[in-house]
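Here is the structure we will look at, set down as structure tokens.
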Amino acid sequence: MRDPTAESASSLRERRPPPPNLSGKTVGLLSISKERSDEFMDALEPLIQAAGVKTIRFKKPTHTKPAPEAILQDIVESCDIVVEALAD
Amino acid sequence: MRFVAVVKEDCPTCRLAVPALAEMRAAGLDLEVITQDIPEFPRGLNPRHDDELLESHKLKIEIVPTVIAFDQTMEISRVYGWNKNDWREITGIDNLGNSMPENMPGCGALNVAPGAAERLALKAGEILLTSRAIEVDDDNDPMEVAFDRGWTDGLPVTPPTDLRVARMLAGTTRKADEIIGLIPPNLVPCTVEKAAVNAVMAGCRPEYFPVLLGAMKAALEPEFAMHGLLCTLAFSGPLILVNGPISRRIGMNSGGNALGQGNRANATIGRAFQLIIRNVGGGRPQEIDRACLGQPGKYTFCFAEDEGDEDWIPLAQARGVNSGTSAVTLFHADGVTGFVDQKSRTAEELCESMAMQLWSVNHPRLARWGNAILVISPNHYEIFRKDGWGRAEIEDGLYKALKRPTSEILEGAGHPLGITPAQAEKYSDSNGMIDKFHPGGLLVVRAGGPGALMSAIIGGWTGGRNNAEVRPVTRALEEY
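Quick note, the sequences are listed as chains A and B, same order. Take the first sequence: its position 31, counted from the start at 1, is 16 in my numbering, and no numbers get skipped. With positions in the second sequence counted from 1, the corresponding number in my numbering is that position plus 59.
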């Protein structure tokens, strides 16, 4: 028989350790564009900012497709931590 | 000069030609006789048995007897069947076969018998499969091995042997190593060969393969959003609707029980595509396929439109494909809902009645969410037809009947569920009305058998609410 699969295996990457604290960090807030994910971010953002931490908002064009490379690159370059919101 | 003659005993022309072969030997010609069937035929001429037919394949024999003249290893000429003048010319023996008839056509060679070509091409190394070979010993059942390895959708699959895969590849003009596209979710490049392996497992015949390849290509168009569809929480899966001559050529069902079981092409084309998503892309239920419930159409969902009435404009033509060209339409399908109306007698009544039920797609208080397919059965179509309604009139009638006052379905207006103020603002017309579907979001097709005033509604994925990003896709099949 011939193998019908991609003949590849997933690689398991270690999760990066969380930063010891948020001092001087930037938190990215990525909405996947589902209904009410903005609402969740709107509630979360002031709490983070109140702790003196900088936030940057991001939004996928649609929740039905993977995030465009440019958005991911932007997050990687400008943020230390990211919160991704689904919601419905 | 040397000669090779290929014969089989089960051929009257070969038996007839035996004395001529004997005369060639008697005249001192360097003649080798190769037999395809009975090892000792023809007696006395010391034949060599081509038991695997590999030699015949390499010599590209199509008809027996064939006599080939070689200069060293280079072929100079060949003759087929028995023809006295041809044989005399190739052998240079002027009185060859004096007492024999002038001409007798030959028979088909065994190496080109149906089914033999791919077996021999594999054996000759002309077809090289690159997918990993999985050896299954005699103590193991290949079907169980397929289950154990996680290759199946829950039903048994046809073991993808080299021969079956080679035969599937013969169903397309595309090369085995050509990449069809990146299969989500893992965005894995999928070759024609990998698609063929999965098509074999699904039970496809090679002549279905072009439909599958075309459907894959359509499903990978960005506006179909296959990634989102396969991992959705909702019910939906890919539906393949086939239009045009290929649907009849491969025997698809567009008649009675078209949406049900029992037709091999309908059943296996849809299944093959889902196996590719599973095996190549890595989209598996309870993993990245997050469906809460799913629906049985996720095993397979494929049917053909009934194009038997020439007054009817088939869906593919309505969506821009030339008449006479085969096409596939990919749709994000929830399950089938029966539409039962045995009372409407006019086109207007029926249209209004269909609109009532179409409002229930996703939820009656949601608008501009999922798309839908309306499958009109022959008896319902007859009501439209006798009132002079074709596609344009039906679509226009439904469009008008599917408007509703926005205020009735606002969230909080009588029920917490409904459209948001933002949606109301975006979609309401100047009369305060809202359309149930996005423009182009309701696909009207004809299928089914006669006998009842019933049609079908196939609801669409909630992801369709974002119609800038998610739309049904129609593509012509002529390239496959």
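The beta carbon of each residue, even a glycine, is placed where N, CA and C say it ideally should be.
| Query | Result |
| --- | --- |
| Anticipated Cβ contact below 8 Å, GLY340 of chain B with ILE242 of chain B, distance rounded | 4 Å |
| Beta-bridge partners of HIS391 of chain B, as assigned by DSSP | B:PRO297 |
| Unbroken beta strand (DSSP E) run spanning PHE43 of chain A, endpoints | 39 to 44 |
| C-alpha distance - ARG84 of chain B paired with THR211 of chain B, whole-angstrom precision | 59 Å |
| Test: PRO531 of chain B CB closer than 7 Å to a CB of chain A | no |
| Proximity winner among B:ALA79, B:ALA229, B:VAL224, B:GLY518, relative to GLU161 of chain B (alpha-carbon distances) | B:ALA79 |
| Sequence-distant residues of the same chain with beta carbon closer than 6 Å to PRO265 of chain B, five excluded per side | ARG226, MET227, ALA229, GLY230 |
| Span of the alpha helix (DSSP H), counted from its first residue to its last, around CYS73 of chain B | 71 to 85 |
| Under 7 Å (Cβ pairs) to chain A, residues found in the segment 216 to 236 of chain B | PRO218, PRO219, THR220, ASP221, VAL224 |
| Partners in chain A for ALA589 of chain B, counting only beta-carbon separations shorter than 7 Å | Absent from the structure is residue 589 of chain B, since the part of chain B shown begins at 60 and ends at 539. |
| C-beta contact flag for MET275 of chain B and THR217 of chain B at 7 Å | no |
| CB contact below 7 Å: ASP23 of chain A versus chain B | no |
| Local conformation of ASN430 of chain B per DSSP, three classes | coil |
| Proximal residues, the segment 435 to 450 of chain B versus chain E, C-beta separation under 8 Å | Protein chains A and B are contained in the structure displayed, whereas chain E is not. |
| Proximal chain A residues relative to ALA192 of chain B, where beta-carbon distance stays under 8 Å | MET(-14), ARG(-13), ASP(-12) |
| Through-space distance from ILE372 of chain B to ARG450 of chain B, alpha-carbon basis | 6 Å |
| The segment 61 to 69 of chain B contacting the segment 26 to 40 of chain A, beta-carbon criterion three pairs below 8 Å | no |
| Minimum Cβ-Cβ distance from ALA70 of chain A to chain B less than 7 Å | no |
| CB of GLU364 of chain B within 7 Å of CB of SER313 of chain B, strictly | yes |
| Boundaries (first-last residue) of the alpha helix (DSSP H) holding MET202 of chain B | 201 to 207 |
| Residue span of the beta strand (DSSP E) that contains THR125 of chain B, given as start and end | 125 to 130 |
| Proximity below 7 Å, CB of ALA414 of chain B to CB of ILE517 of chain B | no |
| MET133 of chain B: first and last residue of the uninterrupted beta strand (DSSP E) it sits in | 133 to 139 |
| Spatial distance of ASP207 of chain B from PRO201 of chain B (CA atoms) | 10 Å |
| CA-to-CA distance, TYR267 of chain B to ARG424 of chain B, given in whole angstroms | 41 Å |
| Chain A residues whose Cβ lies nearer than 8 Å to that of GLY287 of chain B | THR47, HIS48, THR49, LYS50 |
| Proximity test, Cβ basis, 7 Å: ASN338 of chain B and chain A | yes |
| Secondary structure of SER(-7) of chain A, DSSP reduced to three states | coil |
| Within-7 Å CB hit, ALA(-6) of chain A to chain B | no |
| Length at least 3, wholly inside the segment 421 to 469 of chain B: the beta strand (DSSP E) runs in chain order | 431 to 435, 462 to 464 |
| Start-end ranges of the alpha helix (DSSP H) lying completely within the segment 288 to 344 of chain B, minimum 4 residues | 304 to 308, 323 to 335 |
| Unbroken alpha helix (DSSP H) run spanning CYS410 of chain B, endpoints | 406 to 417 |
| VAL195 of chain B: first and last residue of the uninterrupted alpha helix (DSSP H) it sits in | Looking at the DSSP string, VAL195 of chain B is not in any alpha helix (DSSP H), and its letter there is neither H nor E. |
| Beta-carbon separation (whole angstroms), VAL504 of chain B vs ILE432 of chain B, contact threshold 8 Å | 6 Å |
| Residues bridged to PHE362 of chain B [DSSP beta-bridge criterion] | B:LEU300 |
| Neighbour-count burial assignment, LEU457 of chain B, 16 or more Cβ in a 10 Å radius | buried |
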